[in-house]
Amino acid sequence: MKRMAGAAGLDLTGFTDAHYALLDNIVNRYVAEFCAYPCQSLRTMNLRPGDVFLDIGAFRGYVAVMAAQRVVDHGGVYAIEPIDENGFVEHHRDINRLTNLTALKAAVTADGGVEAIDFFRTDNQGNAAVKDHLRGDAHTTQVANMGAEALLRQVVDEMSEARRISCSLTTNGTEVTVAEAMIDALEPIGGIDYVEIAIPVIFTETEARAFASRVAPRGWHRTLRRPWMRLWHTKGTSRP
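Here the sequence shown is numbered in the working numbering, starting from 2 and rising by one per residue.
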């Protein structure tokens, strides 16, 4: 497409790059996520029975359902999705009889001091905290807000026996900010032996790499398998 545009004297770099990113997103974030071996879902591949999984930005809830099946009854999954009329998560939970899946309707941000925030969405239920991550027809709405620290406190209180927490964080633009707030909030909480956070890096790889370098001295390791970066801590959540 770029060659054809160049021959016609047109610069369609932004257009073609956006479509390449979309195809990469579809193949890697959805198709590979649910295909059989040798495909592996980076977000759920390390889950064990009894784990806790947070699906922040759950959208339709597909990953949350897979996680709920892997952590089984004595584990727990929290699917957090801010749009009120998006009932897919609850529908998937009920039809699959997943009693270990909790649906929370809120956006998750680094700032827990506000009850509601501006959110952007499109007519096909695409939504984001950053308008640039959506099409031009996105409009503003207000959604309930939950701070990263408050969410983690709720999870730890309700799942007090859990020793491993994994998180898929897909908030369309604020992943690094929220992930950093989660790491800061987790460090004072005792009793957690393993923490894992997966964030997409299609549009934020430079920012995500810098973030991973900042938290590396605190014992956090990283794996980059585009479009995902996985951060994990294997020695609890206290500073080394």
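We put the CB at the ideal spot given by N, CA and C, even for glycine.
As the structure is a prediction and not an experimental result, all values here were calculated from the model.
Start and end residues, alpha helix (DSSP H) containing residue 190: One-based indexing of the sequence shown puts residue 190 at position 189. No alpha helix (DSSP H) holds residue 190; DSSP gives it neither H nor E.
Contiguous alpha helix (DSSP H) assignments of at least 4 residues, all confined to the segment 76 to 158: With a minimum length of 4 residues, the continuous alpha helix (DSSP H) runs that stay inside the segment 76 to 158 are 89 to 96.
Three CB pairs or more closer than 8 Å across the segment 200 to 217 and the segment 148 to 160: Short answer: they don't touch.
Segment contact flag, the segment 215 to 222 with the segment 94 to 107, C-beta cutoff 8 Å, min 3 pairs: Taking 8 Å as the limit for Cβ pairs, the verdict is that the segment 94 to 107 does not touch the segment 215 to 222.
Cβ-based burial, residue 225 [other Cβ within 10 Å; buried from 16]: In the sequence shown, counting from the first residue as 1, residue 225 sits at position 224. Classification of residue 225: exposed, given that the 10 Å Cβ count is below 16.
Whole-angstrom C-beta distance between residue 152 and residue 187, which should lie under 8 Å: Within the sequence shown, the letter at position 186 stands for residue 187. Within the sequence shown, the letter at position 151 stands for residue 152. Taking the Cβ atoms as the reference, residue 187 lies roughly 11 Å from residue 152, outside the contact range of under 8 Å.
Segment contact, 8 Å Cβ cut-off, at least three pairs: the segment 112 to 121 with the segment 54 to 68: With the cut-off at 8 Å, the segment 112 to 121 and the segment 54 to 68 do not touch.
Same chain, Cβ closer than 6 Å to residue 183, five either side skipped, listed in chain order: In the sequence shown, residue 183 corresponds to position 182, counting from 1. 149, listed in sequence order.
Spatial neighbours of residue 198 in its chain, beta-carbon cut-off 7 Å, leaving aside the 5 residues before and after: Position 197 of the sequence shown, counting from 1, holds the residue named residue 198. Cβ within range, chain order: 168, 170, 180, 183 and 232.
Element boundaries [beta strand (DSSP E), containing residue 199]: To locate residue 199, count along the sequence shown from 1; it is residue 198. Where residue 199 is concerned, the enclosing beta strand (DSSP E) starts and stops at 195 to 201.
Residue 121 and residue 141 closer than 7 Å at C-beta: Your numbering for residue 121 matches position 120 in the sequence shown. Your numbering for residue 141 matches position 140 in the sequence shown. Yes, they are a contact pair.
Beta bridge counterpart(s) of residue 53 as assigned by DSSP: Indexing the sequence shown from 1 puts residue 53 at position 52. Residue pairing by DSSP puts residue 53 in a beta bridge opposite 77 and 166.
Distance between beta carbons of residue 52 and residue 79, contact taken as under 8 Å: Position 78 of the sequence shown holds residue 79. Position 51 of the sequence shown holds residue 52. In fact, because the Cβ distance is near 12 Å, the residues do not count as touching under 8 Å.
Nearest-angstrom Cα separation, counted from residue 116 out to residue 108: On the sequence shown, residue 108 is found 107 positions in, with the first residue counted as 1. On the sequence shown, residue 116 is found 115 positions in, with the first residue counted as 1. So the alpha carbons of these two residues sit roughly 10 Å apart.
6 Å CB neighbourhood of residue 34 in its chain, flanking five on each side removed: Residue 34 sits at position 33 when you count from the first residue of the sequence shown. Short of 6 Å from the beta carbon of residue 34, and not among the five residues preceding or following it, lie these beta carbons of its own chain, in chain order: 42.
Among 105, 76, 228 and 177, nearest to residue 145 - alpha-carbon criterion: Looking up residue 145 in the sequence shown gives position 144. Looking at 105, 76, 228 and 177, the one whose alpha-carbon comes closest to that of residue 145 is 105.
Span of the beta strand (DSSP E) around residue 231: Locating residue 231 in the sequence shown gives position 230, counting from the first residue. Under the DSSP assignment, residue 231 falls in the beta strand (DSSP E) whose first and last residues are 229 to 234.
For residue 72 and residue 47, believed in contact at Cβ under 8 Å, the rounded distance: For the purposes of this step, residue 47 is taken as the residue at position 46 of the sequence shown. For the purposes of this step, residue 72 is taken as the residue at position 71 of the sequence shown. Contact check for residue 47 and residue 72: beta-carbon distance about 11 Å, past the 8 Å limit, so the pair fails to qualify.
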